[in-house]
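Structure record follows, encoded as structure tokens.
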Amino acid sequence: MLRLPIAERPRWRDQAHEYGFGFHTMYGEPYWDETAYYQFSLQQVEDHIEDPTAELHQMCLQVVDKVVRDEALLERFQIPRPYWDLVASSWHASEPSLYSRLDLAYDGHGPAKLLENNADTPTSLFETGFWQWLWLQDSVDAGRLSRQADQFNSLQEKLVARLAQLGRQRPGQPLHFSCCRDTEEDRGTVQYLQDCAQEAGIQAPFVFIEDLGVGQSGAFTDQQNQSVSWLFKLYPWEFMLREEFAEHLAGAGCRWLEPLWKSLISNKAILPLLWQMFPGHPNLLPAYFEDQLAASGLQHYVKKPIFAREGANVSIHKQGKTLLDTGGPYGAEGYIYQAYTPMPKFADSYTLVGSWLVDDQPAGMSIREDSQQVTQDSSRFLPHIILG
Amino acid sequence: MKRTRNISLANLRKADKPLPLKPLTIGVMAATLSACGDSEVADIYASVMECAAENPDFVEVCEAAYEQALQEAEDTSPKYTRQGDCESDFGTQACVPHSSMGNNWFMPAMAGFMMARMFDSDFDLKKKRRKRYSSPLFMSKSRRSPVFGNWVSARGQSYGAFNTKRVKVSSKAFAPKPKVTKTIQRGGFGSMASKVASRSSWGG
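See below:
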């Protein structure tokens with residue numbers, strides 16, 4: 001695993017405009033960064049990223065199967081009591097999932113360590129599935145990269161195939177797509193998924209999640225008063241279940257992407273559960289709930305809120321001293337404690353590997369860099385290749 | 389190869405079609421089938437007269453098909469709260485007011501209908517076995533619409549350009565789509581997001 005400098009494609013900003021990639025620069029800082037790329041060997045990708053990703057996902061499914069049957073655990077996972085049955089029934093009905101992204105600490109010398117699982121609302125999908133793919137294509141064509149260069153990135157192909165498969169189970173039914181108003185990045189991600197759905201032969205209308213209505217029959221409706229019976233949302237379940245509108249969930253008969261049971265995987269409480277069920281697994285870091293921390297003997301750890309977005313309210317502690325605290329509005333639902341692992345450092349940046357799944361199939365990789373150890377939404381996205 | 393083999397760049401290009409921030413009603417989707425299988429042939433007519441002229445022995449069937457389509461159009465066509473939104477999808481003077489269950493909406497006027505082709509000796513028998521054999525069609529006269537000049541169903545499926553006369557469709561094409569319902573509460577999700585802070589993403 002190497003970090004190598006490379007010349008930028010001269011026209012990439014025009015091209016970004018052409019493909020509707022407007023958020024390549026955010027808050028005045030570059031978000032998409034192609035002044036360098038990461039190079040992996042095929043063995044690193046397959047043995048250290050791809051296989052562990054498939055295995056970690058299966059382990060997470062086992063945790064879900066345990067939690068839905070245990071009220072004390074549902075409590076620990078901070079699922080509001082009125083929705084316990086809905087979460088459990090979404091699991092027992094095997095409601096299908098579309099995608100997930102595992103965040104891994106990996107420096108090229110395995111084993112990769114699972115930091116968290118973005119199983120509900122993973123973003124940076126367009127950048128991974130399409131934009132870095134195009135970068136590789138262009139860079140090879142321009143002779144800046146070897147013709148042998150490949151990329152761990154079958155994300156778009158797998159998304160289209162998965163959507164086509166789900167579409168066959170619901171023939172003729174539109175799949176609505178939604179996200180919040182005034183979120184340019186999310187709107188871009190959702191548009192990309194709409195494009196994938198259309199390629200899969202599914203009608204893909206859009207509705208802002210704030211504009212959902214409830215019809216007389218109890219079903220959700222869109223702005224045109226059409227019923228919404230199958231809905232993709234880029235908005236976290238942990239928020240939705242705490243909002244008034246959630247009282248309509250039970251009566252709406254809507255199928256969701258991601259399904260409700262994913263709220264148990266995107267939940268940081270899964271980290272102590274994984275460690276409890278698979279202690280010593282090479283891809284896991286020791287993790288504990290608050291009441292287990294003292295007995296664990298953990299001295300150097302990262303304290304993470306059970307629910308938070310993009311690295312907020314994360315702090316690093318060592319022998320009673322706080323080394324870093326990102327601050328933020330979260331933490332009301334409690335915290336978990338995960339053993340500290342140093343973040344791999346390349347050049348002056350800390351590097352995080354995102355490993356994607358479509359349903360249960362590993363599907364690609366994204367690399368993010370940040371100037372500090374906790375990756376936030378100020379981080380930069382860099383492309384990667386496989387060579388050798 | 390560990391990457392996507394081929395990506396159709398044209399499908400992802402957005403430059404001449406700005407990112408739609410307004411919800412799109414009409415998806416462009418080819419509804420016609422080329423392969424065999426669970427499909428049947430249907431004729432497209434702009435009016436009862438056109439249907440009757442081509443099927444002089446079945447004038448009353450044409451009339452019934454028209455009535456059935458008209459009724460379904462009332463129930464299932466896209467409904468807009470603003471005339472302008474309807475017209476931006478279907479064109480000026482292509483929309484009509486529509487009131488139902490206390491809502492005042494605008495909907496595209498039905499531009500024609502699609503009728504399953506079954507004019508053979510046992511037509512009456514088939515008709516008895518089958519409740520639905522016609523479906524309303526709309527046409528967009530808005531150059532801004534992705535289905536400009538095309539026949540589209542209430543589902544937003546495109547059945548080809550305005551001069552299309554006969555199509556091969558899935559037999560599901562005649563199944564009514566879910567009835568447009570009166571929306572009794574609007575508000576949706578998102579209230580937590582507005583409490584925390586404004587940002588460009590709620591994902592992670």
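Line by line, the protein sequences give chains A and B. At position 388 of the first sequence (counting the first as 1) the number is 388 in our numbering, and the numbers step up by one without a gap. At position 145 of the second sequence (counting the first as 1) the number is 533 in our numbering, and the numbers step up by one without a gap. The beta-carbon is built from N, C-alpha and C at its ideal position, and this holds for glycine as well.
Bridge partner(s) assigned by DSSP for residue i
i	result
B/Phe-494	B/Tyr-468, B/Pro-485
B/Met-527	B/Trp-539
B/Met-502	B/Ile-432, B/Ser-523
A/Val-358	A/Tyr-99, A/Gln-361
B/Gly-463	Note that residue 463 of chain B is Asp in the sequence shown, not Gly. Bridge partners of B/Asp-463: none, in fact.
A/His-300	A/Lys-318
A/Glu-29	A/Met-26
A/Asp-150	A/Ile-386
A/Tyr-330	None, per the DSSP bridge assignment.
A/Trp-230	A/Arg-255
A/Pro-305	A/Tyr-335
Alpha helix (DSSP H) segment containing residue i, residue limits
i	result
B/Asn-399	397-400
A/Gln-361	Run containing A/Gln-361: none in the alpha helix (DSSP H); it sits in the beta strand (DSSP E), 361-370.
A/Met-59	51-67
A/His-176	Looking at the DSSP string, A/His-176 is not in any alpha helix (DSSP H); the run it does join, the beta strand (DSSP E), is 176-178.
A/Lys-158	155-169
A/Ala-16	12-18
A/Glu-199	184-199
A/Ala-294	290-296
A/Gln-132	132-141
A/Arg-76	71-76
Residue i - containing beta strand (DSSP E), residue span
i	result
A/Ile-316	315-318
A/Tyr-83	Taken as a continuous stretch (DSSP letters only), A/Tyr-83 belongs to no beta strand (DSSP E), as it is neither H nor E.
B/Arg-554	554-558
A/Tyr-337	335-339
B/Phe-550	It is not in any beta strand (DSSP E) - B/Phe-550 carries neither H nor E in the DSSP assignment.
A/Arg-3	2-5
A/Gly-213	213-215
A/Glu-116	113-118
A/His-384	384-386
A/Ala-36	36-40
Among the options, the one whose alpha carbon lies nearest that of residue i
i	options	result
A/Gln-292	A/Arg-76, A/Leu-241, A/Glu-50, A/Arg-255	A/Arg-76
A/Lys-262	A/Val-68, A/Ala-16, A/Glu-50	A/Val-68
B/Ser-488	B/Ile-432, B/Thr-464, B/Thr-480, B/Ala-542	B/Thr-464
B/Gly-591	A/Trp-131, A/Val-64, A/Glu-310, A/His-24	A/Glu-310
A/Pro-329	A/Leu-271, A/His-317, A/Asn-313, A/Gln-39	A/Asn-313
B/Lys-467	A/Trp-91, A/Gln-224, A/Ile-306	A/Gln-224
A/Leu-102	A/Ile-367, A/Leu-382, A/Gly-354	A/Gly-354
A/Ala-252	A/Leu-231, A/Gly-28, A/Val-140	A/Leu-231
A/His-92	A/Pro-259, A/Val-358, A/Arg-187	A/Pro-259
B/His-486	B/Asp-477, B/Phe-478, B/Gln-471	B/Gln-471
A/Val-214	B/Arg-574, B/Ser-589, B/Gly-578, B/Glu-475	B/Arg-574
A/Ala-294	A/Asn-267, A/Arg-255, A/Ala-142, A/Gln-338	A/Gln-338
B/Trp-493	B/Glu-462, B/Ser-522, B/Arg-505, B/Trp-539	B/Glu-462
A/Cys-60	A/Asn-118, A/Tyr-31, A/Tyr-83	A/Asn-118
A/Gln-39	A/Met-1, A/Gly-297, A/Gln-372	A/Met-1
A/Glu-34	A/Arg-368, A/Arg-170, A/Thr-375	A/Arg-368
A/Ile-6	A/Arg-170, A/Asp-138, A/Ile-336	A/Asp-138
B/Ser-523	B/Val-535, B/Gly-544, B/Ala-482, B/Gly-537	B/Gly-544
A/Glu-127	B/Met-389, B/Lys-390, B/Leu-400, B/Arg-393	B/Leu-400
A/Trp-356	A/Ala-88, A/Tyr-99, A/Gln-78, A/Ser-94	A/Tyr-99
A/Leu-42	A/Tyr-340, A/Asp-150, A/Arg-380, A/Ala-112	A/Asp-150
A/Val-228	A/Phe-208, A/Glu-238, A/Leu-134, A/His-17	A/Phe-208
A/Thr-375	A/Val-358, A/Tyr-350, A/Leu-387	A/Tyr-350
A/Ala-164	A/Ser-146, A/Trp-237, A/Ser-178, A/Pro-96	A/Pro-96
B/Ser-579	A/Ala-246, A/Gln-373, A/Arg-168, A/Lys-268	A/Ala-246
A/Gly-22	A/Leu-114, A/Glu-184, A/Glu-116	A/Glu-184
B/Leu-525	B/Val-540, B/Leu-397, B/Tyr-454	B/Val-540
A/Thr-326	A/Ala-308, A/Glu-333, A/Met-343	A/Ala-308
9 Å Cβ cutoff, residue i in contact with chain D
i	result
B/Arg-401	Protein chains A and B are contained in the structure displayed, whereas chain D is not.
Three-pair Cβ contact test at 8 Å for the stretch 145-157 of chain A versus the stretch 360-378 of chain A: Under the Cβ criterion (8 Å, minimum of three pairs), the stretch 145-157 of chain A counts as touching the stretch 360-378 of chain A.
Cβ pair count under 8 Å reaching 3, the stretch 433-441 of chain B against the stretch 491-507 of chain B: Between the stretch 433-441 of chain B and the stretch 491-507 of chain B there are three or more C-beta pairs closer than 8 Å, enough to call the two in contact.
Contained alpha helix (DSSP H) runs [length at least 4] in the stretch 234-280 of chain A, N- to C-terminal order: Within the stretch 234-280 of chain A, the runs of alpha helix (DSSP H) at least 4 residues long that lie entirely inside it are, in chain order, 237-240, 249-252, 270-277.
Given 8 Å, three or more beta-carbon pairs between the stretch 275-283 of chain A and the stretch 315-323 of chain A: The stretch 275-283 of chain A vs the stretch 315-323 of chain A: no contact.
Three or more C-beta pairs below 8 Å linking the stretch 475-485 of chain B and the stretch 529-539 of chain B: Contact holds: three or more Cβ-Cβ distances are below 8 Å.
Inter-stretch contact (C-beta, 8 Å, three-pair minimum) for the stretch 25-39 of chain A and the stretch 71-87 of chain A: With a cut-off of 8 Å, the stretch 71-87 of chain A and the stretch 25-39 of chain A do not count as touching, because too few Cβ pairs lie within range.
Contact the stretch 188-196 of chain A vs the stretch 122-136 of chain A: 3+ CB pairs below 8 Å: Result yes; three or more Cβ-Cβ pairs closer than 8 Å.
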